[in-house]
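Asks: Residue numbers (this note's numbering): 1031 to 1335. No residue lacks a Cβ here, since even glycine has one placed at the ideal position from N, Cα and C.
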Ligand SMILES: [Zn+2]
């Protein structure tokens, strides 16, 4: 089968590899789509993580079942969350497979995983429907947070991005107000919008110094900053402000599939709106290069093996 193999920074090659076989407890899936995750992009540009998440946002159809697997059968359409999915087939333990509801489109199924990350962050952050929120960054992470917050009934959600495409998308997906950090001082604007108080919670969804600073400076006294961005560089933080304002900062890096699936079942949320392009496996490098561009015209690219 064809699989994208990581050979180093900015060096992905499509190679012929043996088709994997499911061991006991495992399921073999023919991959329909695998979304390019921000963490994959980070690895493409900067090197592999020790526990690699390379290509883990997959969906497809079950073609084979290992011994002892229960609750799934050949032909089932599923979501499959495990690295190695930039390939025609993926073999993974059944615990990492979720049945795709029949009425769910493949495009929606392909972006459930990032929504699961937002679900985890929102729950871990203890966000309440009455909270006011700032999200810095309207990429896939920020936009999924936006959808999740709307799903739990949050009314005031401000979101920032330097890219016009992404700001427009945030508007389309229901942000209360969209701000451009290149033309506006975000903390000052947030103070103005909250009678000088600051937001209850800020979600960092980029992974750079400027957005983290905007979050820290925009939350109220005893507010929370939830950090989801993948940072390449170490960043200096104004610790005196952090201490005197008694800020809580929480890092999150897990998923909550059951909460995300419940939102999809009960709310009219459309995570597939973040998809801006679908490319065949052969063109995976082009997908990564497009996502690397400074203009950030692309949001979520799916690979179709
Ligand atoms: Zn992901």
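Please output, in chain order, the residues near ligand 1 using a CB cut-off of less than 6 Å to any non-hydrogen atom of the ligand.
Replies: Output, sorted by chain position: 1067, 1069, 1086, 1087, 1143 and 1144.
Asks: Rounded to the nearest angstrom, what separates residue 1280 and residue 1254 at their Cα positions?
Replies: To locate residue 1280, count along the chain shown from 1; it is residue 250. To locate residue 1254, count along the chain shown from 1; it is residue 224. So the alpha carbons of these two residues sit roughly 8 Å apart.
Asks: Could you tell me which residues DSSP puts in a beta bridge with residue 1190?
Replies: Taking the chain shown and counting its residues from 1, one reaches residue 1190 at position 160. Looking at the DSSP assignment, residue 1190 forms a beta bridge with 1166 and 1209.
Asks: Kindly give me the distance between the Cβ atoms of residue 1060 and residue 1090, rounded to whole angstroms, as I take these residues to be in contact under 8 Å.
Replies: Counting from one through the chain shown, the residue named residue 1060 turns up at place 30. Counting from one through the chain shown, the residue named residue 1090 turns up at place 60. Contact flag correct, Cβ pair sits at about 5 Å.
Asks: Under the assumption that residue 1161 contacts residue 1236 (Cβ atoms under 8 Å), give the Cβ distance between them as a whole number of angstroms.
Replies: Counting from one through the chain shown, the residue named residue 1161 turns up at place 131. Counting from one through the chain shown, the residue named residue 1236 turns up at place 206. 21 Å between Cβ atoms; not a contact.
Asks: Starting from residue 1116, follow the alpha helix (DSSP H) in both directions and report where the run begins and ends.
Replies: Mapped onto the chain shown, residue 1116 falls at position 86. No alpha helix (DSSP H) holds residue 1116; DSSP gives it neither H nor E.
Asks: State the Cα-Cα distance for the pair residue 1176 and residue 1214, rounded to the nearest angstrom.
Replies: The residue you call residue 1176 lines up with position 146 of the chain shown. The residue you call residue 1214 lines up with position 184 of the chain shown. Between residue 1176 and residue 1214, the C-alpha separation is close to 21 Å.
Asks: Taking Cβ positions, are residue 1331 and residue 1309 nearer each other than 8 Å?
Replies: By 1-based counting over the chain shown, the position of residue 1331 is 301. By 1-based counting over the chain shown, the position of residue 1309 is 279. Cβ distance < 8 Å, so residue 1331 and residue 1309 count as in contact.
Asks: Ordered along the chain, which non-local residues of its own chain (more than five positions away) have a Cβ less than 6 Å from that of residue 1151?
Replies: Translated into positions along the chain shown, residue 1151 becomes position 121. Hits under 6 Å: 1256, 1258 and 1282.
Asks: Under a three-way DSSP split, which group does residue 1248 fall into?
Replies: Taking the chain shown and counting its residues from 1, the one referred to as residue 1248 is at position 218. Helix.
Asks: Touch check for the stretch 1222–1231 and the stretch 1193–1204: three-plus C-beta pairs under 8 Å?
Replies: Output reads no: the stretch 1193–1204 does not touch the stretch 1222–1231.
Asks: Could you spell out where the beta strand (DSSP E) holding residue 1058 opens and where it closes?
Replies: Within the chain shown, numbered from 1, the residue matching residue 1058 stands at position 28. Looking at the DSSP string, the run of the beta strand (DSSP E) that includes residue 1058 is 1056–1065.
Asks: Considering residue 1288, what are the terminal residues of the alpha helix (DSSP H) in which it resides?
Replies: On the chain shown, position 258 is the one that residue 1288 refers to. Residues 1287–1296.
Asks: Going by beta carbon distance, what residues of the same chain come within less than 7 Å of residue 1098, once the five residues before and after it are set aside?
Replies: Walking along the chain shown from the start, residue 1098 turns up at place 68. Closer than 7 Å at the Cβ level, and outside the excluded window around residue 1098, lie 1054 and 1055.
Asks: Is it the case that the stretch 1066–1078 contacts the stretch 1032–1047, given that we only count it when at least three CB pairs across the two stretches are under 8 Å?
Replies: As far as the Cβ criterion goes, the stretch 1032–1047 touches the stretch 1066–1078, which means the pair count is three or higher.
Asks: With H, G and I counted as helix, E and B as strand and the rest as coil, what does DSSP make of residue 1274?
Replies: Within the chain shown, the letter at position 244 stands for residue 1274. DSSP places residue 1274 in helix when its eight states are reduced to three.
Asks: From 1155, 1263, 1296 and 1318, pick the residue whose C-alpha is nearest to that of residue 1284; which is it?
Replies: For this step, residue 1284 is matched to residue 254 along the chain shown. For residue 1284, the nearest C-alpha among the options comes from 1155.
Asks: Please report how far the alpha carbon of residue 1116 lies from the alpha carbon of residue 1242, in whole angstroms.
Replies: Counting from one through the chain shown, the residue named residue 1116 turns up at place 86. Counting from one through the chain shown, the residue named residue 1242 turns up at place 212. Distance between the alpha carbons of residue 1116 and residue 1242: 31 Å.
Asks: I need the boundaries of the beta strand (DSSP E) containing residue 1038, first residue and last residue.
Replies: Translated into positions along the chain shown, residue 1038 becomes position 8. Start and end: 1032–1038.
Asks: Would you grab the beta carbon distance between residue 1195 and residue 1244 for me? Rounded to a whole angstrom, and I think it's under 8 Å.
Replies: Counting from one through the chain shown, the residue named residue 1195 turns up at place 165. Counting from one through the chain shown, the residue named residue 1244 turns up at place 214. So it is not a contact: roughly 20 Å between Cβ atoms.
Asks: Alpha carbons only, please: which of 1271, 1278 and 1173 is nearest the one belonging to residue 1068?
Replies: For this step, residue 1068 is matched to residue 38 along the chain shown. When each option's Cα is compared against that of residue 1068, the closest is 1173.
Asks: For residue 1100, count the other beta carbons within 10 Å of its own beta carbon; 16 or more makes it buried, fewer makes it exposed. Which is it?
Replies: Within the chain shown, residue 1100 is the residue found at index 70, counting from 1. Flag for residue 1100 reads exposed.
Asks: Report the CB separation of residue 1142 from residue 1290 in whole angstroms; it is logged as a contact under 8 Å.
Replies: Residue mapping note: residue 1142 aligns to position 112 of the chain shown, counting from 1. Residue mapping note: residue 1290 aligns to position 260 of the chain shown, counting from 1. At roughly 6 Å, the Cβ-Cβ gap stays under 8 Å, so residue 1142 and residue 1290 are in contact.
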